[in-house]
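Asker: My questions will all concern the structure given below.
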Amino acid sequence: MAEIRAFRGVRYNLEKVGDGGRLVSPPYDVIDAKLQQELYDANPSNIVRVIQGKVDPADGGENAVYVRARDSYRDWLEEGVLEADDTPSIYVYTQTFDIHTPEGVKRKSRQGIVALVEIQRLGEGGIYPHEHTMPGPKKDRLELMRHTEAAFGQIFSLFSDPDFHARSLLEPHVQSSPLFAFDDSDGVNHAFWRISDENTVNRVCSFLSTRELFIADGHHRYETAVNHRDERLGDGGEEGAGYCYRMQTLVNMDDAEGMAINPIHRVVTNVSSDDLARLKSGLGKLFETKEIPYTDVDAIGREIASRAEPARPCYGALLGDADTVTLLKLRADVDVAALDKESHSEAWRMLDSGLLQLVLSKILDLGTESLIKGEKVRFIKMEAEVRQAVRDSSQNVGFYLNPVGMKQLRDVVLAGERMPPKSTFFYPKVFTGLVIQDFNLS
299 MAEIRAFRGV
309 RYNLEKVGDG
319 GRLVSPPYDV
329 IDAKLQQELY
339 DANPSNIVRV
349 IQGKVDPADG
359 GENAVYVRAR
369 DSYRDWLEEG
379 VLEADDTPSI
389 YVYTQTFDIH
399 TPEGVKRKSR
409 QGIVALVEIQ
419 RLGEGGIYPH
429 EHTMPGPKKD
439 RLELMRHTEA
449 AFGQIFSLFS
459 DPDFHARSLL
469 EPHVQSSPLF
479 AFDDSDGVNH
489 AFWRISDENT
499 VNRVCSFLST
509 RELFIADGHH
519 RYETAVNHRD
529 ERLGDGGEEG
539 AGYCYRMQTL
549 VNMDDAEGMA
559 INPIHRVVTN
569 VSSDDLARLK
579 SGLGKLFETK
589 EIPYTDVDAI
599 GREIASRAEP
609 ARPCYGALLG
619 DADTVTLLKL
629 RADVDVAALD
639 KESHSEAWRM
649 LDSGLLQLVL
659 SKILDLGTES
669 LIKGEKVRFI
679 KMEAEVRQAV
689 RDSSQNVGFY
699 LNPVGMKQLR
709 DVVLAGERMP
719 PKSTFFYPKV
729 FTGLVIQDFN
739 LS
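What follows is the structure in structure tokens.
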């Protein structure tokens with residue numbers, strides 16, 4: 299298993315720069331130009347200036363944005379905007395939020411432990427990916443690491459702790475006021491504590507070092523960390539140095555009250571009239587179908603969830619008509635294994651995203667590579683946007699999926715597989731800037 303250890307985190311000096319909520323940001327990969335500007339305006343020292351700085355048209359070289367990131371980081375350290383903790387610590391990060399379910403609004407609170415995790419190749423050392431990833435900006439993140447010699451964003455990973463042992467060790471330390479707390483624009487409350495008590499730190503890290511870790515969010519960041527470590531060691535670097543570890547937020551996957559996995563729906567684009575007819579015919583052979591009028595999102599969700607069975611997934615589909623939902627429930631006599639040319643595990647085939655991939659591959663010849671590259675299929679988190687996409691074009695077909703269960707995730711990963719891309723949306727996102735890993739301090 300990977301070693302888990304404490305580190306001297308670099309944090310904002312709130313006495314100097316004020317409101318912590320105006321200094322942090324969502325992960326870099328969800329920051330568009332509008333949000334980038336809002337974060338720039340929030341505070342001159344907002345972390346976005348390092349992780350997703352603006353590109354100046356007058357820049358003389360392709361690395362200028364990384365040089366500015368490095369200079370900002372170093373300047374903030376010299377000016378006391380950022381300060382390193384004096385002793386190795388772990389950190390507790392809670393997010394309290396509302397989720398909308400077909401049964402109504404539910405309040406949840408998720409606790410994460412921020413610590414360093416020894417870098418292992420995925421699938422080795424007890425660290426596992428859980429889904430295929432879309433092509434991503436790994437070179438960009440690697441350049442940022444090279445220039446700053448630091449890691450800013452979190453990798454969000456899961457561990458199993460059904461007895462809540464880690465939480466019991468931390469509980470006495472989170473009764474005090476957090477270092478800082480804030481509400482983000484989505485109404486999520488973020489709170490952050492530092493734990494420096496040596497006995498507690500050692501016990502928590504020792505326990506976590508016995509756990510398998512499943513990466514929930516941040517596959518690209520993790521793969522970049524592996525590449526950076528290999529590069530440094532190849533240049534004569536030292537085993538066990540700071541770059542051989544990567545800061546992660548570790549969350550107990552057995553905490554049902556704190557976990558929220560939302561589905562990511564599918565829209566197949568540019569479906570010709572012939573392909574639509576072929577799709578409807580093919581779906582009719584594989585699924586029991588029932589058409590119902592589109593009423594509201596929650597009603598559709600309740601219909602789909604109520605019909606699904608462990609071995610008979612159920613979807614909602616908009617087959618070229620935004621006002622009619624076709625409920626699709628896998629027929630009991632269908633041999634799903636016969637659809638599977640890649641010999642996936644039973645756990646993979648019973649995923650909503652897995653079965654749908656097999657079905658689309660059989661009927662429309664949309665295979666794994668096409669999905670990974672994002673060809674022909676759009677991945678949409680908001681149910682209303684699926685309907686809007688079908689309204690926008692009768693050549694678009696939408697599929698509503700159910701959320702992945704934690705047992706499903708574990709079963710697929712331990713079978714040595716990755717889910718199809720965009721199978722899970724762990725909510726809420728883990729923010730950047732609460733604490734920084736400086737490789738020269740860790």
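Start counting the sequence shown at 299; every next residue gets the next number (the working numbering). We treat Cβ as the ideally placed atom computed from N, Cα and C, and that holds for glycine. All of these numbers come straight from a predicted model, not from anything done at the bench.
State the CB to CB distance for the pair I411 and V502, rounded to an integer number of angstroms; the pair is presumed to be in contact (CB under 8 Å).
Answerer: Start at 1 with the first residue of the sequence shown, and residue 411 comes out as number 113. Start at 1 with the first residue of the sequence shown, and residue 502 comes out as number 204. The pair is a contact, with the Cβ atoms about 7 Å apart (cut-off 8 Å).
Asker: Going by the beta-carbon positions, is the gap between F585 and V486 smaller than 8 Å?
Answerer: In the sequence shown, counting from the first residue as 1, residue 585 sits at position 287. In the sequence shown, counting from the first residue as 1, residue 486 sits at position 188. No, the Cβ-Cβ distance between F585 and V486 is not below 8 Å.
Asker: Tell me whether S691 sits in a helix, a strand or coil according to DSSP, three-state version.
Answerer: Looking up residue 691 in the sequence shown gives position 393. Residue state, collapsed to three classes: coil.
Asker: Can you tell me the Cα-Cα spacing of I598 and V346, whole angstroms?
Answerer: Working through the sequence shown from its first residue, we reach residue 598 at position 300. Working through the sequence shown from its first residue, we reach residue 346 at position 48. Taking the straight line joining both Cα atoms gives about 38 Å.
Asker: Would you kindly work out how many angstroms separate the C-alpha atoms of F480 and I329, rounded to a whole number?
Answerer: To locate residue 480, count along the sequence shown from 1; it is residue 182. To locate residue 329, count along the sequence shown from 1; it is residue 31. Distance between the alpha carbons of F480 and I329 is about 19 Å.
Asker: So S407 is in the beta strand (DSSP E); what residue range does that whole segment cover?
Answerer: For the purposes of this step, residue 407 is taken as residue 109 along the sequence shown, with counting starting at 1. Start and end: 402-416.
Asker: Cutting at 6 Å between CB atoms, please list the residues of its own chain near V634, excluding the five before and the five after it.
Answerer: Residue numbering aside, residue 634 sits at position 336 when the sequence shown is read from its first letter. For V634, where only same-chain residues beyond five positions count, the Cβ hits under 6 Å are R647.
Asker: Quick check for students: name the residue ranges of the alpha helix (DSSP H) that lie wholly in the segment 622-664, counting only runs of 4 or more.
Answerer: 634-637, 644-647, 650-662
Asker: Using the C-alpha atoms, what's the distance from S407 back to F490?
Answerer: In the sequence shown, the residue the question calls residue 490 occupies position 192. In the sequence shown, the residue the question calls residue 407 occupies position 109. When rounded, the distance between both Cα atoms is 13 Å.
Asker: Can you tell me whether V403 is buried or exposed, with buried defined as 16 or more other CB within 10 angstroms of its CB?
Answerer: The sequence position of residue 403 within the sequence shown is 105, counting from 1. So V403 counts as exposed.
Asker: Could you tell me if K639 is buried or exposed, where buried requires 16 or more neighbouring beta carbons within 10 angstroms of its beta carbon?
Answerer: Numbered from its first residue, the sequence shown carries residue 639 at position 341. Around the beta carbon of K639, fewer than 16 other beta carbons sit within 10 angstroms, so the residue counts as exposed.
Asker: If I measure Cβ to Cβ from G540 and keep anything under 6 Å in the same chain, skipping five residues before and after, which residues do I get?
Answerer: For the purposes of this step, residue 540 is taken as the residue at position 242 of the sequence shown. Same-chain partners within the cutoff: F737, S740.
Asker: Are the Cβ atoms of A558 and I678 separated by less than 8 Å?
Answerer: By one-based count along the sequence shown, residue 558 stands at place 260. By one-based count along the sequence shown, residue 678 stands at place 380. Contact flag unset, no.
Asker: Are L467 and T508 close, meaning C-beta to C-beta below 8 Å?
Answerer: Here residue 467 refers to the residue found at position 169 when the sequence shown is read from its first residue. Here residue 508 refers to the residue found at position 210 when the sequence shown is read from its first residue. Their beta carbons are not under 8 Å apart, which means L467 does not touch T508 by this criterion.
Asker: Return the Cβ separation of V363 and F450 in integer angstroms, given the expectation that the two are a contact with Cβ distance under 8 Å.
Answerer: By 1-based counting over the sequence shown, the position of residue 363 is 65. By 1-based counting over the sequence shown, the position of residue 450 is 152. Contact doesn't hold; Cβ gap of about 14 Å is too wide.
Asker: Does the Cβ-Cβ distance between A575 and F697 come in under 8 Å?
Answerer: Taking the sequence shown and counting its residues from 1, the one referred to as residue 575 is at position 277. Taking the sequence shown and counting its residues from 1, the one referred to as residue 697 is at position 399. No, they are not a contact pair.
Asker: Considering Cα atoms alone, identify which of A300, Y338, Q686, I417 is closest to D528.
Answerer: Residue mapping note: residue 528 aligns to position 230 of the sequence shown, counting from 1. The shortest C-alpha separation from D528 is found at I417.
Asker: If you measure between the beta carbons of V365 and S343, is that distance less than 8 Å?
Answerer: The sequence position of residue 365 within the sequence shown is 67, counting from 1. The sequence position of residue 343 within the sequence shown is 45, counting from 1. Not in contact: V365 and S343 (Cβ atoms no closer than 8 Å).
Asker: Among E521, D690, G731, V415, which one has its Cα closest to the Cα of T567?
Answerer: Residue 567 sits at position 269 when you count from the first residue of the sequence shown. The option with the nearest alpha carbon to T567 is D690.
Asker: Just the Cα atoms here: how many angstroms apart are L523 and R544?
Answerer: Within the sequence shown, numbered from 1, the residue matching residue 523 stands at position 225. Within the sequence shown, numbered from 1, the residue matching residue 544 stands at position 246. What sits at residue 523 in the sequence shown is Ala, not Leu. In a straight line, the C-alpha of A523 is about 7 Å away from that of R544.
Asker: Label L312 either buried or exposed according to how many other C-beta atoms from any shown protein chain fall within 10 Å of its C-beta, with 16 as the threshold for buried.
Answerer: For the purposes of this step, residue 312 is taken as the residue at position 14 of the sequence shown. Exposed: under 16 other Cβ atoms inside 10 Å.
Asker: Could you please give the first and the last residue of the uninterrupted alpha helix (DSSP H) stretch that includes R600?
Answerer: Here residue 600 refers to the residue found at position 302 when the sequence shown is read from its first residue. Taken as a continuous stretch (DSSP letters only), the alpha helix (DSSP H) holding R600 covers 595-605.
Asker: Three or more beta-carbon pairs under 8 Å between the segment 457-464 and the segment 436-444, yes or no?
Answerer: Contact fails: fewer than three Cβ-Cβ distances are below 8 Å.
Asker: Using the C-alpha atoms, what's the distance from A356 back to F729?
Answerer: Counting from 1 along the sequence shown, the entry for residue 729 is found at position 431. Counting from 1 along the sequence shown, the entry for residue 356 is found at position 58. Their backbone Cα atoms lie some 31 Å apart in a straight line.
Asker: Could you please give me the residues that DSSP links to W491 through a beta bridge?
Answerer: Working through the sequence shown from its first residue, we reach residue 491 at position 193. Bridge partners of W491: V390.
Asker: Assuming the contact rule is C-beta atoms closer than 8 Å, P726 and Q393 should be a hit. Round their C-beta distance to whole Å, please.
Answerer: Position 428 of the sequence shown, counted from the first residue, corresponds to residue 726. Position 95 of the sequence shown, counted from the first residue, corresponds to residue 393. Their Cβ separation, rounded to whole angstroms, is 5 Å, which keeps P726 and Q393 in contact under 8 Å.
Asker: Using alpha carbons as the reference points, say which of L577, E644, S483 lies closest to L707.
Answerer: Against the sequence shown, residue 707 aligns to sequence position 409. Out of L577, E644, S483, E644 has the C-alpha closest to the C-alpha of L707.
Asker: Within the segment 445-518, note down every full beta strand (DSSP E) run reaching 3 residues or more, in order along the chain.
Answerer: Within the segment 445-518, the complete beta strand (DSSP E) segments of 3 residues or longer fall at 453-457, 478-481, 487-493, 511-515, listed in chain order.
Asker: According to DSSP, is Q350 helix, strand or coil?
Answerer: Looking up residue 350 in the sequence shown gives position 52. Taken through DSSP and simplified to helix, strand or coil, Q350 comes out as coil.
Asker: Please report the distance separating the alpha-carbon of E422 from that of I453.
Answerer: Translated into the one-based positions of the sequence shown, residue 422 becomes position 124. Translated into the one-based positions of the sequence shown, residue 453 becomes position 155. When rounded, the distance between both Cα atoms is 17 Å.
Asker: Taking DSSP as the reference, what is the three-state secondary structure of H563?
Answerer: Translated into the one-based positions of the sequence shown, residue 563 becomes position 265. Residue state, collapsed to three classes: strand.
Asker: For T547, does the count of other Cβ atoms within 10 angstroms reach 16, so buried, or fall short, so exposed?
Answerer: By 1-based counting over the sequence shown, the position of residue 547 is 249. By the neighbour-count rule (16 or more Cβ atoms within 10 Å), T547 is buried.
Asker: At the level of alpha carbons, what is the spacing between A603 and E681?
Answerer: Along the sequence shown, one-based indexing puts residue 603 at 305. Along the sequence shown, one-based indexing puts residue 681 at 383. Rounded to the nearest angstrom, the two C-alpha atoms are 15 Å apart.
Asker: Taking 7 Å as the limit between beta carbons, can you name the residues of its chain near L321, skipping five residues before and five after?
Answerer: For the purposes of this step, residue 321 is identified with residue 23 of the sequence shown, where counting begins at 1. Taken in chain order, the residues that qualify are Y310, V315, N341, S343, N344, I345, G731.
Asker: Please state if the CB of H642 and the CB of A514 are separated by a distance shorter than 8 Å.
Answerer: Within the sequence shown, residue 514 is the residue found at index 216, counting from 1. Within the sequence shown, residue 642 is the residue found at index 344, counting from 1. Contact: no.
Asker: Distance, Cα to Cα, S807 vs L337?
Answerer: With the chain covering 299 to 740 only, the question about residue 807 has no answer from this structure.
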